[in-house]
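K.L.:
The letter at position 81 of the sequence shown is residue 77 when you use this note's numbering, and the numbering goes up by one with no holes. Quick reminder that beta carbons are idealized off the backbone N, C-alpha and C, glycines included. Model, not experiment: these values are computed from the prediction.
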Amino acid sequence: MNPFKILNIGPEASAQEIMQAAALALREKQHSAYEIAEARRQLMDPSARPVLAFIYFADLEPLLRQPVRGEKPLSADALKRLEIFD
């Protein structure tokens, strides 16, 4: 499951914001304590966080579609960032 969605935060959230979001999520009880703890652990890991941000926020759709005749193929520079709930 998307740890950003579980904690209701964006990819630029600080460590303090992650901890506050985890505490709030525990109070709201929309997810299990295990899911919240796992989301917090993943987002606090400096090597896992950029990977998670790429997985959940990169918009790969333009790169996956076939170019129309005469249209230039898109490069990785054409990627746009998705919002948290897209």
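(1) DSSP state of ALA44, grouped into three classes?
(2) Helix, strand or coil for ILE84, going by three-state DSSP, please let me know.
(3) Under 8 Å between the Cβ atoms of ARG36 and ALA18?
(4) For the 8 Å Cβ check, are there 3 or more pairs between the region 46 to 59 and the region 20 to 33?
(5) If you reduce the DSSP assignment to three classes, tell me which class ALA17 lands in.
(6) Less than 8 Å between the CB atoms is what I'm expecting for PRO(-1) and LEU56, so what's the real figure, rounded?
P.N.:
By the coordinates alone:
(1) coil
(2) Because the chain in this structure spans residues -3 to 82, residue 84 falls outside the shown range and cannot be described.
(3) yes
(4) no
(5) Three-state result, ALA17: helix.
(6) With 8 Å as the limit, PRO(-1) and LEU56 do not qualify as a contact, their Cβ atoms being about 19 Å apart.
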